[in-house]
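Every position in the sequence shown, counted from 1, becomes a number in our numbering once 1064 is added.
Backbone N, C-alpha and C define an ideal beta-carbon position, used for all residues, glycine too.
Source: prediction; values computed, not measured.
Down below is the structure, laid out as structure tokens.
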Amino acid sequence: MNFKIRSKITSGYIALILCLIIGVIVVGFQVSTLQTERNKLMTNTAKVQTLLSTLENHTLNMNRSQRGYIVTGKDSYLDPYREAKANWEDNWNELNVLMEGRPDQQESLDSVKTHITRWIETAGEPSINLKRNNDEAGIKKFYREEVGRSEIQSTMATLGKIRSDEISHLASEAKKLDNVNNKIVFTLGLFLFIAAIVAIFFSSFISKSITNTITGTTAAIRHIAQEKGTFTSRIPITTKDEVRDLAVATNDLLDDLENREWVRSNATQVVKNYQGIDAIKQLTSIFLSQVARITRASYGSLYVRNDKEGKIFEQQTSFANSYTKIGRETIALGEGLAGQAALERRVIHLTDTTGYQMISTSLGDMPPKEVIILPITFEEKTIAILELATVNAFEKLDRIFLKEVVSSLGLTINSVLTRMEVVQLLNESRAMSEELQAQTEELQTQSEELQTQSEELQAQTEELTNINEQLEERTREAEEKTAELEITKSDLERNAEELIQSSKYKSEFLANMSHELRTPLNSILILSEMLAENAKAENQEEDEEFARVINSSGKDLLNLINDILDLSKIEAGKLEMIYEEVNINELPLYLKQSFTHFSNDKDVVFNVVKEDDVADVIHTDHKRFQQILKNLLSNAFKFTEHGSVNVHLYNPSLTKEQQRISEQWLAISVTDTGIGIPKEKHELIFESFQQADGATVRKYGGTGLGLSICKEFAQLLGGTITLDSTEGEGSTFTLYIPSLQTGLPNNVEMPAESIFEVPSVEETPDATQTDMPAIVEENFFKNKRVLIVDDDERNIFALEKTLQQHGMIVDSVRNGRECLNFIEKDRHVDVILMDIMMPELDGYDTMQILREDMNIELPIIALTAKAMKSDREKCIAAGATDYISKPLNLEQLFSVLRVWLTTEVM
């Protein structure tokens, strides 16, 4: 039996541990039972309190959400109500399970469930339905009678009683557990006393047995030390404890030292035998025979690199060669296991040699048992490969010896190969020297012949030089003309590109302008037509609303026409500037009054800051000055969804050129935190008819004239406008204006260019010349549901009033994305009136998604104010059933509706 010192020491504590184990088992069982009961009590109490709070929150959330929805009418207020209604019963069921075995608490929970259910049935759902039905009388009655209030109060009171009862129950159970804990403490003290007595008894018994064994082992180690390193003696092993492990480890160390001495002595003998040899075959033969003898190898072969790149290895010698030659003549790097060992510079040891070459003796052939392949390296490169096979086995000591001996062979082989290369190069050098001397004599003779020929060529060369100079002169002239033609061609191509781009921008501008003009014109024509229809009716409020929309549309139309006229006058050079005094002190108040409502509508901060050193008065054209500021601020608010718009008035630093125009200048910067403008489009946006987004489908609208007019006005006033902007971060437009009492100097000339090149557009019917639409059969259109998709409130208002007068049910959305969401939720629509130019998602893409992705087959009538010739084809291709251009002809509109409401979409 292996009874170690640790075991002896440990055995002394076994009795103590047994006592402790018994005590721990008894006490642990009681503690575990106590802990389980306490944990169960605390867990259940915490869960009950949490569930009670959750149930209270659900009750209050349903009550608050129901009242919030009744007050505001917003459906988002019902989200907490729906969530609480869906979850309160699960919380109640979980609470009821925790109360099993406590009938009084379960009875209270049943009362809570009854009150909540009754509140939902009598107060929650009925009141929400009253609000959905817009039953104001029912809602007032609901609040007057305070329906459900008693149920909520009863619920909260009952939940409070359950919570207080749970606290009393927790205190009672905790007191019981404290009594059990006192008993456990007493039991633990008794077992500790018994364990101390047992430990004292066993410690004195075990210490004697340990000292006797250590004394015997020390004497044996001294005897080995007196043998002076012969490593032949071994420590006798007589015990089975840790001293035995020490003796075994020491004996293993002596074995290892003896093996190392064997490897060192044999490796030294092999190296000694091949020292001084300068022939590679002799070196490899001696090395291989020595190594095969020491490792008891039966077969062997040694390959040495025979090219400078080290990719081919040639067999130099073999051991125990038979009538069949051992191995291949050459091995390529990476070829076979030997080539792979050379490539990876690692030893390959094979123990399965099936199919290997047989080892021959005088009596027959036998297969080898093991094969080992070793790469021989020098400076991290393989220069030789050693392969050995044996019918026995390569012991670990043999493999260590082989690795040791080949580590020094690489240097020796490299030295021999280097010496052989030097000898070969020396011999080649001698042969080349003799050959060179013969060639030198032959060249001497040829040189004399060439001297004579050179004199003849001299005269020919002078003649050719003159001809060459004439050709070079003509070549330079041709190259200069070619360069001039290339410059002319480049200028023509650039002008052609600019002309094409200009034509494209003007076409886009006119298409956008068509939309901007026809949109308010459409509202004016429809509402004026409705006013004419209602001439005999006495619906004054509706007529006033029609008139307000007509007035608003007319103003928008007038502003667009004024912008076009201003730009035309500027480029024709006929815009007159009237210079007068402008009070700068009043400017901040004027800007605040003019644009505060924009900042309030968009929830954007608006600040105007004027530096103290700014002059009180400057001389300029007051009207054009204000128009520039209005355009800049309108753009700033249009493209800023959140953040701020800031105006800063200050005196700029003047250049010499500016000082020649005027000694007094004013700088006004307008900074916003909007969408920003890409750097490559900073110059583009000041050109006529252009925006940073030049496409006709855009998010923010506009014609692209505002900044162009601002730039031209600033130049006419002697100033300029600069831009500093980063896309996604905002923009800063800075207006620099000089104070000029008598206007610009006479030597300043302003350019005058023609700006309009009108593309052909599709003719649209003149609504002012059409007759009033015929009376549509009310029974035909009654209760037909139509969806209007348009981003212009005036168009929606006009169409809603027109269609509702004929009994149609009208829904409206503001863009294509809202249309898709509407149709996804409710497909009970008879016809869709689809505007084309809208933000976010235009009419073309919306119709294509409805047809191809959502498979909607109901009639879609496209309405557009662009009226380009190709618009009808584009609308039909995108999925429109029919097409009507703005301004709308009501008779045409109802005629188209009548046709498609009686015909299925093919």
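CB contact flag (residue i, residue j, <7 Å)
i, j, result
"SER1876", "ILE1887", "no"
"VAL1734", "PHE1797", "yes"
"ILE1682", "VAL1646", "yes"
"GLU1451", "ALA1402", "yes"
"GLY1740", "SER1789", "yes"
"ARG1936", "TYR1947", "yes"
"MET1126", "ALA1148", "yes"
"ILE1749", "LEU1771", "yes"
"GLY1398", "ILE1440", "no"
"ASP1342", "ARG1483", "yes"
"LEU1162", "VAL1112", "yes"
"THR1118", "ASN1155", "yes"
"ALA1926", "MET1898", "yes"
"VAL1874", "LEU1867", "yes"
"LEU1730", "MET1641", "no"
"VAL1335", "SER1497", "no"
"LEU1116", "LEU1234", "no"
DSSP state of residue i mapped onto helix, strand, coil
i, result
"ARG1392", "coil"
"GLU1921", "coil"
"ALA1926", "strand"
"HIS1233", "helix"
"MET1126", "helix"
"SER1949", "strand"
"PHE1701", "helix"
"HIS1746", "coil"
"TYR1363", "strand"
"TYR1643", "coil"
"ILE1648", "coil"
"PHE1383", "strand"
"TYR1714", "strand"
"HIS1892", "coil"
"THR1552", "helix"
"THR1476", "helix"
"SER1803", "coil"
"GLU1817", "The predicted model places GLU1817 with a pLDDT of 36, which falls under 50 and marks its position as unreliable; any figure quoted below should be read in that light. Looking at GLU1817 - three-state DSSP - the assignment turns out to be coil, as it is neither helix nor strand."
"THR1546", "helix"
"TYR1654", "helix"
Residues bridged to residue i [DSSP beta-bridge criterion]
i, result
"GLU1378", "VAL1368 and THR1394"
"ASN1847", "ASN1847 is not bridged to any residue."
"THR1798", "SER1733 and THR1786"
"SER1876", "ILE1852"
"LYS1708", "Residue 1708 is actually Ser in this sequence, not Lys. SER1708 is bridged to VAL1669."
"TYR1133", "Looking at the DSSP assignment, TYR1133 forms no beta bridge with any residue, so it has no partner."
Span of the alpha helix (DSSP H), counted from its first residue to its last, around residue i
i, result
"THR1178", "1167-1183"
"GLU1200", "1200-1209"
"VAL1960", "1954-1965"
"VAL1161", "1142-1162"
"THR1866", "1857-1868"
"GLN1779", "1770-1780"
"THR1910", "1907-1912"
"SER1191", "1189-1196"
"GLU1937", "1935-1942"
"GLY1792", "Careful: GLY1792 lies outside any alpha helix (DSSP H) and carries neither H nor E."
"GLU1721", "1720-1725"
Residue i, enclosing beta strand (DSSP E) - first and last residue
i, result
"LEU1450", "1445-1454"
"THR1021", "Because the chain in this structure spans residues 1065 to 1970, residue 1021 falls outside the shown range and cannot be described."
"LYS1674", "1669-1674"
"VAL1895", "1895-1899"
"GLU1434", "1434-1442"
"LEU1414", "1412-1414"
Test: residue i CB closer than 7 Å to a CB of chain D
i, result
"PHE1844", "Among the chains of the structure shown, chain D does not appear; only one protein chain is present."
Cβ-heavy atom distance, residue i to the ligand GDP, below 6 Å
i, result
"LEU1787", "Of ligands this structure carries none, so the ligand GDP is not represented either."
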